[in-house]
Amino acid sequence: LGTHHTKAMILMYRSPDSKRQCDTLRVVIHTANMVSRDWENRTQGVWLSPRIHRKSSSSTPASAFETDLLAYLSAYDGALSSWCSDLAGFDFSRCKAVLVASVPGRHVGSERHRWGLARLARELARVECASSGVRETIVCQVSSIGALGTADKWLQTELGTSLRSARNVLQCRRPDLRLVFPTVEDVRTSIDGWASGGSIPFKSDNWDKQESYMRPLLCSWRAEKAGRKHASPHIKTYARISETGTLSWFLVTSSNLSKAAWGAVQKNGAQLEIKSFELGVLVHPELW
C-alpha cells in the first residue's frame, strides 16, 4: 500500500515595502502530520533551512539541493510546475544538507539511483566513517514497521546494505543494526495513552512473521534527557553512531521501516519499486 507520506513546507516571506510576492523563503522538512495532536503530544523531528534569498542573477548556477528539490517536486506530474518555476529563482547554496526522497514507480536506469534506498546508498557512499578500530552502530528509529517478509533479506541485504554504505567502507568495521520502537508500556503511559498507538502501526501478523530476526535488533524508546518520555514518538530518524557518541551522519525523514517507503529491489537489481512519496534530509560533517 502506497501513500503520500511526505511532511514538508515551503515558507515564503515578503518585506513590507516589497513589490514582489516573495523575497525569501525557507524549506521545512518534518515528521508531523497537519493535525494538532501530532504537534502537541508527540515527539517529532524538524529540519529548517536557513533563509533562502533570490539569485543575484539568472546565471547563478543551481546548487545540488535546488536540483534535488526541483526533481522531487517535478515528480508530481506537473501539479507543482508553477512552484518549480518560482523556486528556480532562489539560491539554495546555503542549505548544507542532502535531500533523500522517494516517489512512486518502478525505477530503472539512472532513475533508480535518484530515489529511496538506492539514493541513500549513493549519498552515504560519499561519507567517510570511523576507522576499523572503532565500533559503530546504525540506529533506525521509526514509528511504523511494514511487511518486510519472513526472512531478513530486505532489512539486512537491501536497506541494511544501503545504510552501511561509506566512502571508506573497506576500512570500516561492519556496523550493527538496531531498531528503536516504543513498547506497549510506552504507549500506555504516554500523554494520550492508548490513543497514541494509532500513530505507531505495526500489524501483529507482520510481527509474527518477522519476530525471529527483528527481536534481537529491537531497543526501547527513551527520551529522558529531552524530557519527552511520555510524548510518544512519531519521529523517524536514521543515524550512524560510534561507541564514543560521534555521529558520522544523521537522517530525519518521513520514511518508516517499509518497502513502500524505501523501495524493493527487483529484476536482479535492475529495478527499484517504490509505492509512497517520502522526503528526508541527510546531514554529515563533510557538508560544512
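FYI, my numbering numbers position 275 of the sequence shown as 935, with every residue one higher than the one before it. Here a beta-carbon is modelled for each residue, glycine too, at the ideal position from N, C-alpha and C.
| Item | Value |
| --- | --- |
| At which residue ranges does the stretch 727-757 contain complete alpha helix (DSSP H) runs of 4 or more residues, listed in the order of the chain? | 741-747 |
| Across which residues does DSSP place Asp836 in a beta bridge pair? | Thr797 |
| Find the nearest neighbour of Gly769 within the set Glu946, Asn928 and Lys667, judged by alpha-carbon distance. | Asn928 |
| Out of Thr663, Ala790, Arg702 and His773, which has the shortest C-alpha to C-alpha gap to Trp909? | Ala790 |
| Please report the distance separating the alpha-carbon of Leu815 from that of Leu942. | 20 Å |
| Using alpha carbons as the reference points, say which of Thr703, Met694, Ala668 and Arg686 lies closest to Ala886. | Thr703 |
| Could you please give the first and the last residue of the uninterrupted beta strand (DSSP E) stretch that includes Thr913? | Leu907 to Thr913 |
| Locate the alpha helix (DSSP H) running through Trp699, then write down its first and last residues. | Ser696 to Glu700 |
| Express the C-alpha separation of Gly857 and Lys776 in angstroms, rounding to a whole number. | Residue identity check: residue 776 is Gly in the sequence provided, not Lys. Roughly 27 Å separates the two Cα atoms. |
| By how many angstroms is the C-alpha of Asn916 removed from the C-alpha of Thr666? | 11 Å |
| Looking only at its own chain, which residues have a Cβ that is under 6 Å from the Cβ of Lys869, when we skip the five neighbours before and after it? | Thr810 |
| Do Ile712 and Leu729 have their beta-carbon atoms positioned less than 8 Å apart in this structure? | no |
| Between the C-alpha atoms of Ala731 and Arg779, what's the straight-line distance to the nearest angstrom? | 13 Å |
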